[in-house]
Every structure is written in structure tokens, then in C-alpha cells.
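Presented below is the structure to which this report refers.
Number of protein chains: 2
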Amino acid sequence: MVPHLTTALTGPLLALEQHILDSQPRIEQWFRSKWQEYNAPFYASVDLRNAGFKLAPVDTNLFPGGFNNLNKAFLPLCVQAAMSAVEKICPVAQRFLLIPENHTRNIFYLQNVAQLATILRHAGLHVRIGSLLPEITAPTVLDLPDGQTLTLEPIRREGDKLKLDGFEPCAIVLNNDLSAGIPEILQGLKQPIIPPLHAGWATRRKSQHFSAYDQVSTEFSQIAHIDPWLINPYFASCGKINFHERHGEECLAAAVDELLKDIREKYREYGVKNDAFVIVKADAGTYGMGIMTVKDASEVTGLNRKQRNKMSVIKEGQQVSEVIIQEGVYTFESINGAVAEPVVYMMDHFVVGGFYRVHTSRGQDENLNAPGMHFVPLAFETSCTLPDCAAGPDTPPNRFYAYGVVARLALLAAAIELENTAQ
Amino acid sequence: MVPHLTTALTGPLLALEQHILDSQPRIEQWFRSKWQEYNAPFYASVDLRNAGFKLAPVDTNLFPGGFNNLNKAFLPLCVQAAMSAVEKICPVAQRFLLIPENHTRNIFYLQNVAQLATILRHAGLHVRIGSLLPEITAPTVLDLPDGQTLTLEPIRREGDKLKLDGFEPCAIVLNNDLSAGIPEILQGLKQPIIPPLHAGWATRRKSQHFSAYDQVSTEFSQIAHIDPWLINPYFASCGKINFHERHGEECLAAAVDELLKDIREKYREYGVKNDAFVIVKADAGTYGMGIMTVKDASEVTGLNRKQRNKMSVIKEGQQVSEVIIQEGVYTFESINGAVAEPVVYMMDHFVVGGFYRVHTSRGQDENLNAPGMHFVPLAFETSCTLPDCAAGPDTPPNRFYAYGVVARLALLAAAIELENTAQ
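Each protein sequence line maps, in turn, to chains A and B.
For the record, in the first sequence the residue sitting at position 250 is 249 according to numbering that gives the first Met the number 0, with numbers rising by one throughout.
For the record, in the second sequence the residue sitting at position 360 is 359 according to numbering that gives the first Met the number 0, with numbers rising by one throughout.
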């Protein structure tokens with residue numbers, strides 16, 4: 000089952016997909032040359048929005064949390080890509096310490112951790128899971144719905160190394176995005192940390208990512224002979240903002256206004272009849288807290304207390320101070336009337352699968368990765384690496400291939416971003 | 000459906016598989032370090048024999064011809080591995096010229112060529128197929144059973160480059176093992192040839208391969224704490240032999256005798272009640288022509304004319320002059336009463352699948368890859384990369400993992416062999 004593209008404006012996207020298909024050898028050669036130049040992140044997931052006339056990444060997660068949602072048939076693909084990743088980043092390692100987010104009750108997330116551990120074990124590593132939670136003082140066995148269990152163990156620091164009881168890891172794999180800052184226990188370690196600490200939200204900025212994406216998508220567009228806007232959402236950032244004290248509102252309103260103008264011009268160019276909109280969100284952070292859909296600059300100046308509170312707090316209680324204003328991209332994919340947003344998973348520089356977030360009670364212009372959002376995952380039914388030039392541009396293998404290409408552009412942007420921000 | 004292991008002597012193999020499972024992280028780390036040292040061949044297939052008490056490679060093909068026999072579900076795995084291989088060997092290439100064997104009527108082989116082209120196309124390459132056959136003077140469309148077609152085109156040499164009409168390839172992929180020698184048209188080319196010409200039987204020798212395998216399996220056995228004999232067939236080679244003129248028969252008989260003694264000693268050590276046997280075959284060449292099963296040295300001295308003729312001619316009419324004498328390994332796998340021999344496929348250093356050659360009219364001590372042998376391929380039902388430590392050593396995922404490990408040892412031996420024989 001594949002979501003249906005519910006737009007009359009499929010023309011340009013079909014044209015985009017057709018361009019991507021036609022340029023496949025040139026695109027893959029270009030990616031090969033880029034991966035000789037940049038190191039792919041260990042893993043990543045990219046949220047895409049498919050507006051029919053436009054297919055673009057809106058978020059790139061360097062600590063992906065939905066491996067459990069992938070088609071189980073793709074497990075060998077994940078294992079092979081994990082082998083590649085380990086080979087490049089940490090070939091001598093035999094024992095990995097996996098440090099997840101501080102959840103003990105989010106069953107969906109715990110299944111992700113279990114799946115990730117399974118992938119790494121199949122790739123030939125000893126994997127144990129260490130928790131940063133202070134209440135984990137002894138090995139704690141958590142039950143999973145499929146009958147498996149997950150054991151969280153307390154982490155011990157000895158000098159500049161992390162250990163578990165009877166387990167000396169060669170490397171540390173983070174599945175924790177460090178939204179709450181870099182905990183002291185992870186600082187100054189001798190063991191390699193994968194991905195590196197500066198991939199966490201304690202230092203990462205979406206605006207830096209999308210700057211790199213600008214560069215990548217512009218170069219790619221020349222290769223594929225397309226208008227870069229078709230794969231690149233406009234964005235702006237706006238320095239320090241304090242929603243509580245209403246500092247920076249004017250700068251925000253001006254940026255929103257300018258962005259909306261640019262988008263409307265593009266909408267006119269492509270004959271798009273929908274309202275232009277932007278998304279205002281924290282420049283650092285994840286989990287979709289503090290996200291606002293804005294269709295007019297006036298909406299960001301007259302925020303009431305409730306709205307200001309909502310925008311002020313993101314994951315783990317961090318205050319929003321820097322925001323990114325990003326062109327909103329409509330989701331015109333739907334399945335049984337519910338909005339569906341594709342998420343593509345990668346390990347090393349390989350696309351290993353993906354799924355749709357399917358959400359019945361959200362609109363086409365809303366973020367589907369928001370708090371309290373209980374989406375239903377729908378695994379991609381085929382691989383993203385089997386484009387079929389003989390078939391139409393919108394048949395599933397070809398749509399998935401286009402997803403995989405755009406997701407890899409975001410991955411490349413992340414690689415450049417991480418290189419730029421490394422000390 | 001997985002072949003049944005029909006031996007009372009499963010003990011040592013289960014122990015071998017258990018050792019391999021237990022040592023998985025050490026084994027994978029060891030492979031990673033080896034692949035940093037040696038370049039994996041572009042692709043390869045390895046014929047294994049599973050005697051229950053012993054699991055060993057008996058032939059390593061660097062121009063594999065059965066991609067059509069792999070489980071179709073593994074196609075994404077092949078594509079991903081092909082991407083890795085291209086990335087390492089020829090990252091700038093966009094256009095591949097694929098040169099197959101000189102068959103136009105072997106439907107099974109043509110399906111392999113079509114599947115290989117499909118894999119490379121999915122990996123993002125323009126692929127066209129050039130034939131070395133003089134009778135292919137214009138593009139020739141061949142029909143395949145699945146409704147697809149395969150177009151063979153005449154190759155043109157211009158200076159030090161090969162071309163097809165309107166197609167200038169960046170690199171040449173050989174699926175032709177050069178048993179008939181290196182054709183002039185392939186000599187001194189500027190385009191990279193993958194695998195290199197010296198991987199062909201014009202220069203390759205099985206004895207060099209198995210010398211390298213000796214080295215690899217000895218080192219591996221220390222890692223996995225096993226007796227190397229459990230994965231390594233004894234072998235000897237015997238200089239120039241002319242079966243027609245009966246030159247070299249005595250040397251051959253002496254080598255056979257010594258090898259049989261060594262094997263019988265091992266059989267005693269492991270309590271194997273079967274007769275020891277050796278295989279005498281051409282040191283260069285493939286297709287199983289000129290292969291003899293020998294249980295006593297006297298069998299090679301008293302050859303009648305018919306037997307001598309059979310041993311004298313291999314593929315493309317080459318005269319056998321050097322032979323290898325290899326310990327025979329029983330095939331104790333069977334399915335519905337038919338003997339089954341596993342063949343493992345690899346691209347780059349990844350195991351991408353495999354199949355069983357199932358043959359009803361052959362014995363457990365005969366070569367299943369012999370002329371006139373119409374085996375039924377039975378694709379491996381699961382991947383070779385999903386070992387399950389919680390399950391028994393002989394459950395399919397674990398047996399396939401063991402196959403994959405032993406096949407990769409042979410692949411590593413081929414990498415060393417190619418490095419040793421490169422000019």
C-alpha cells in the first residue's frame with residue numbers, strides 16, 4: 000500500500016521525478032564523488048514533504064529513532080550498510096556501548112533501540128545498552144511487545160573511559176540527540192563517540208544544516224537540470240529571540256514577511272493556488288515542540304501568553320532563543336484520507352528504508368512530527384534503490400528512488416555541516 | 000525450503016558453526032581489518048561443499064554466472080554492494096560496457112547477464128552489452144523467458160579504447176573468464192577492466208588461489224579457535240602433465256597417494272567412516288570439464304583412452320597441462336533425496352545471496368558443476384548476514400551465516416591471489 004498523491008498539480012513533481020530518473024547515472028556518479036570528499040554520518044533519518052509540485056527535506060535527524068518502523072525485509076540492507084559504516088568510522092571495534100534517549104516508558108522508542116542493537120549485532124558487534132538516567136543503578140530489563148526484552152545498564156566512568164559491569168566498549172554509539180546539553184559523563188572521553196558530540200542539538204543548528212543544503216541542492220540542480228527550489232525550502236534565521244519578553248518579534252515578522260513574498264512568487268511561477276506558509280521553529284532541538292505554522296507576518300507579533308509559552312519550551316525544558324523560519328511545504332500525500340509524510344532512513348551513505356508517518360487529525364500544512372502526535376508508521380513497501388526507468392515516474396519504485404535521492408542530498412548537507420562545525 | 004543435512008556426523012560441523020557464531024564479533028573485526036589491507040574483487044561466487052564434519056570452498060569464480068539464481072528479494076542488497084564496488088574501483092564511471100561469455104543460446108547464462116546489467120543499472124550506471132563473438136556484427140536482440148530482451152552489440156576498438164555505436168564506456172566489466180586466452184581486442188586498453196585481465200583463466204591458477212586460502216584459513220582458524228582442516232581442503236599441484244602422452248602420471252599418482260594418506264589420517268581423527276577421495280582437475284579453467292574423482296592412486300595411472308581424452312580438454316578446447324589435486328569434500332546436504340551444493344555470491348566484500356545447485360543424478364562425492372549438468376537452482380531463502388545467536392547453530396540463518404563466512408575467506412584468498420599475480 001502506497002499513499003496516493005492527492006494534488007491536481009502533479010505535473011512539476013512528475014517532471015522532477017522524471018528528471019531525476021533520466022539523470023540517474025549522472026546523479027549517482029555525483030554522489031560517489033561527493034562521498035569521496037565528505038564522510039557520511041553514521042546514520043540519519045530525513046523527514047520529507049511531498050507537495051506534488053515540490054519534494055523537499057524539512058528536518059534531518061542525526062540520531063534516528065524509528066528503525067523499528069522499517070520494513071523487516073530491509074534488515075539485511077541495514078546490516079550491510081552498518082558494516083560499511085563501522086568499517087569506515089571504527090574498524091577495530093568489537094564492542095559498542097549504545098546510549099539511547101532517557102525514555103523508559105516510550106515503547107515505540109524502546110523498540111527502535113532494540114532494533115538498532117539487533118542491526119549492530121548482526122553486523123558483528125557486541126552491543127550493550129547504557130543509560131544516562133540516574134535511576135538506572137542496576138541492570139533493568141524492560142519488556143517489549145514482541146516478547147523481546149531490552150536491558151538498560153548503568154554507565155560507569157573510569158578515568159576517560161565509559162564502562163558497564165564486565166564490559167569495556169571500544170566505541171560509544173549515541174542514539175541520544177543531546178537536547179539537554181552534553182552530559183559531563185560524555186565529555187573528554189577517550190573512546191570514539193559515534194556520531195560525534197557536535198552532531199547533538201547542544202551545538203547543532205538547523206540553519207547551519209540548511210545553509211549546507213542550499214549549497215548541495217544548488218549544485219545538484221545543475222546536475223539534474225532542475226530549479227533548485229523544487230527540492231529546497233527557503234529559510235531564514237533570526238538571531239536571539241525571547242518569546243516571553245517579546246524580544247526579536249519584529250525581526251521575526253520581517254523575515255516571515257520576506258519569505259512569504261518569495262514563496263508566493265514561486266507559487267505564481269508554478270501556478271500553485273494554495274496559500275504560502277512558513278514554519279517557525281527552534282533552530283536547535285527536535286521533537287517538534289515550539290513549532291508554528293504562519294501564513295501572515297502579523298501572526299508572529301500578536302502572540303498570546305499560551306502561544307508564547309508553547310514557543311518558548313522545547314524538549315527537556317530548553318528555552319528557545321534562536322529560531323529558524325522555513326518555507327512550509329505542503330504534504331499532498333495521503334492514505335485513506337490521512338496525511339502521510341515520508342521519512343527516509345540511511346546508514347553510512349546508503350538508503351536502508353523508510354516509512355510514512357500517517358496522521359488522520361493533522362492538516363496538509365502542519366508538522367507531523369509534533370508533541371502528542373501518535374502517527375501510524377507505514378513502512379515503505381519496496382527499496383529506494385530500485386528505480387525502474389521503463390515504468391512511469393510516479394510508480395512506487397521510482398517515487399521511492401526520488402525520496403532516496405532527496406534524502407541523500409540532506410545527508411550530504413549534514414556531512415558538510417558536521418565538517419564545518421567540527422573543532 | 001532448506002536442504003537437510005543427511006549425516007550422522009553433524010557433531011563437528013555443529014561445533015564448527017557454533018565456534019563461528021560465538022566468534023562473530025572477532026571474525027567480523029578481523030574481516031574489517033583484512034579489507035583495509037586487501038582490495039576485494041569486484042564480484043565472485045564460491046562453491047562450497049558441506050560434509051557435515053567439514054565446510055570448505057572448492058572453487059572460487061571471479062566471473063560469476065548465476066546472478067539470475069539468487070533470491071529476488073536480495074536485489075537491493077546486490078545493488079547496494081554494487082554501489083560500494085563501483086565506488087571503490089571506478090568512482091568516476093557513468094557508462095559500463097559489459098562483456099559476457101560467448102554464449103548466445105544458453106538461456107540460463109543470458110538471464111545471468113540480464114540480471115547483472117539490471118543490478119548495475121539500479122546502481123546508477125548506463126550499461127550496454129558488447130559481444131566478442133565475430134558473428135555479432137549488428138545489435139542482436141535475444142529473447143529471455145521472462146519476456147525481457149537482451150541486446151548484444153558489436154564491439155569496436157578505436158586506438159586504445161573500446162566503443163559501441165554511440166557509446167563510449169568509462170570502464171569495462173568482464174563476465175567472461177578468458178578461458179580461451181586474452182583476446183587481442185582487450186589487450187593494452189586505456190579503459191579500466193573490471194575484474195582485471197589477470198583474474199581470467201588465461202593467467203589464473205587454482206593452486207595459487209588455494210595457496211592464498213591456506214594462509215587465510217590458517218589465520219582465521221586461530222581467530223575462531225578451530226582446526227583449519229575443518230574449512231580447508233588439502234591440495235597439491237603437479238607441474239606439467241600430458242594425459243595423451245602419459246607424461247607426469249607418476250608425479251600425479253604420488254601426489255594423489257600422499258593426499259589420500261593425509262585425508263585418511265584426518266578422517267580417523269574425526270571418526271569419519273567414509274572413503275577418502277581426491278578431485279583431479281585442471282589448474283586453470285572452469286566449467287568442470289576434465290574433473291576426476293579418485294579414491295586410489297592406481298586410478299590415475301591406468302587411464303584408458305576415453306578417460307584421457309576427457310581429462311585433456313577443458314572449456315574452449317584448451318589442453319590441460321597443469322592439474323591440481325584437491326581433497327574431495329563430501330556433500331552431505333540433500334533436498335528430496337537430491338544432492339545440494341551451496342554457491343555463495345559476493346559483490347565487493349559483501350555476501351549478497353546464494354543458491355543451492357540441486358542435482359538428482361549425482362553422488363555425494365562428485366562435482367556438481369560439471370558438463371551436461373543441469374542442476375536446479377534453489378535460492379537461499381534468507382540472507383547470509385542475519386546470524387541468530389539465540390537459535391541453534393544449524394538453523395537456516397546460522398548455517399547461511401557460516402556459508403557466508405567461509406565464502407568470504409575464499410574471497411579474501413582471491414584478493415590476495417590477485418594482488419600476488421598483478422604485474
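Even glycine gets a Cβ: it sits at the ideal position worked out from N, Cα and C.
Source: prediction; values computed, not measured.
*asked:* Against chain A, which members of the region 105-131 of chain B pass a CB distance test of less than 8 angstroms?
replied: Arg120, His121, Ala122, Gly123, Leu124 and His125
*Have a look at the DSSP bridge pairing and note the partners of Ile193/A.*
Val172/A
*Under 9 angstroms between C-beta atoms, does Met454/A make it to chain B?*
Because chain A in this structure spans residues 0 to 422, residue 454/A falls outside the shown range and cannot be described.
*Cβ atoms of Leu251/B and Ile324/B: under 9 angstroms apart, would you say?*
yes
*Under 9 angstroms between C-beta atoms of Ile154/B and Leu141/B*: no
*Could I get the ranges of all uninterrupted beta strand (DSSP E) runs contained in the region 3-75 of chain A, with 3 residues as the minimum, in chain order?*
DSSP runs (the beta strand (DSSP E)) wholly in the region 3-75 of chain A: 42-49 and 54-60.
*Using a C-beta to C-beta distance shorter than 7 angstroms, which residues of chain B count as neighbours of Thr384/A?*
Pro75, Val78, Gln79 and His121
*Looking at the C-beta of Pro24/B, does it have a partner C-beta in chain A at a distance below 9 angstroms?*
yes
*Near Phe166/A, which residues of its chain fall below 6 angstroms by C-beta distance, leaving aside the five closest residues on each side in sequence?*
Arg127
_By the 7 angstroms beta-carbon criterion, what residues does the region 337-350 of chain A contribute toward chain B?_
Phe349
*Of the listed residues Asp295/A, Leu119/A and Gln214/A, nearest to Asp23/B (C-alpha basis)*: Residue identity check: residue 23/B is Gln in the sequence provided, not Asp. Out of Asp295/A, Leu119/A and Gln214/A, Leu119/A has the C-alpha closest to the C-alpha of Gln23/B.
*Alpha carbon to alpha carbon, how far is Leu132/B from Asn101/B?*
6 angstroms
*What residue from Arg407/B, Ala389/B and Pro194/B has the CA that sits closest to Ile230/B's CA?*
Looking at the Cα atoms, Arg407/B is the closest of the given residues.
*Closest Cα partner of Phe73/B within the set Pro138/A, Ser382/A and His125/A*: Selected option, being the one with the closest Cα: Ser382/A.
*According to the neighbour-count rule (16 or more other Cβ atoms, all chains shown, within 10 Å of its Cβ), is Thr300/B buried or exposed?*
So Thr300/B ends up on the exposed side.
_Distance cutoff 9 angstroms, beta carbons only. Does Leu15/B sit that close to anything in chain A?_
no
*Tell me, please, whether the region 399-414 of chain A touches the region 177-192 of chain A by the rule of three or more beta-carbon pairs shorter than 8 angstroms.*
no
*Would DSSP call Asn241/A helix, strand or coil?*
strand
*Given that Gln35/B touches chain D, what residues does it touch there, using C-beta distances under 7 angstroms?*
Structure shown: chain D not included; protein chains present are A and B.
*Does Gln221/B have its Cβ less than 9 angstroms from a Cβ in chain A?*
Not a single CB atom of chain A sits nearer than 9 angstroms to the CB of Gln221/B.
*Going along the chain, which residues of its own chain have a beta-carbon closer than 6 angstroms to the beta-carbon of Ala84/A, five neighbours each way excluded?*
Phe41, Met346 and Asp347
*Identify the residues that DSSP records as bridge partners of Ala337/A: which are they?*
Paired residue(s): Ile334/A.
*asked:* Let me confirm a value: Asn105/B is counted as buried when at least 16 other C-beta atoms fall within 10 Å, else exposed. Which label applies?
replied: exposed
*Under a three-way DSSP split, which group does Glu134/B fall into?*
coil
_Between Val85/A and chain B, is any beta-carbon pair separated by less than 9 angstroms?_
yes
*Residue burial classification, Arg263/B (beta-carbon count within 10 angstroms, cutoff 16)*: exposed
*Can you find at least 3 beta carbon pairs, one from the region 414-421 of chain A and one from the region 202-210 of chain A, that sit closer than 8 angstroms?*
yes
_If contacts are defined as beta-carbon pairs under 8 angstroms, then Glu86/A and Trp34/B qualify, I think. What distance do you get, rounded to the angstrom?_
A Cβ-Cβ distance of about 7 angstroms is found for the pair Glu86/A and Trp34/B, placing them in contact under the 8 angstroms criterion.
*Helix, strand or coil for His208/B per DSSP?*
helix
*Do the region 166-176 of chain A and the region 89-97 of chain A make contact, defined as three or more Cβ pairs closer than 8 angstroms?*
yes
*Step through the CB atoms of chain A and report whether any lies within less than 9 angstroms of the CB of Phe52/B.*
no
*Tell me the DSSP bridge mates of His246/A?*
Asn241/A
*Pairing CB atoms from the region 290-300 of chain A with CB atoms from the region 270-282 of chain A, are three or more of them under 8 angstroms?*
yes
*State the CB to CB distance for the pair Asn397/B and Leu20/B, rounded to an integer number of angstroms; the pair is presumed to be in contact (CB under 8 angstroms).*
6 angstroms between Cβ atoms; contact.
*asked:* When you compare the CB of Glu380/A with every CB in chain B, is at least one pair closer than 9 angstroms?
replied: no
_Residue range of the unbroken alpha helix (DSSP H) whose run includes Val404/A_ = Pro395 to Thr420
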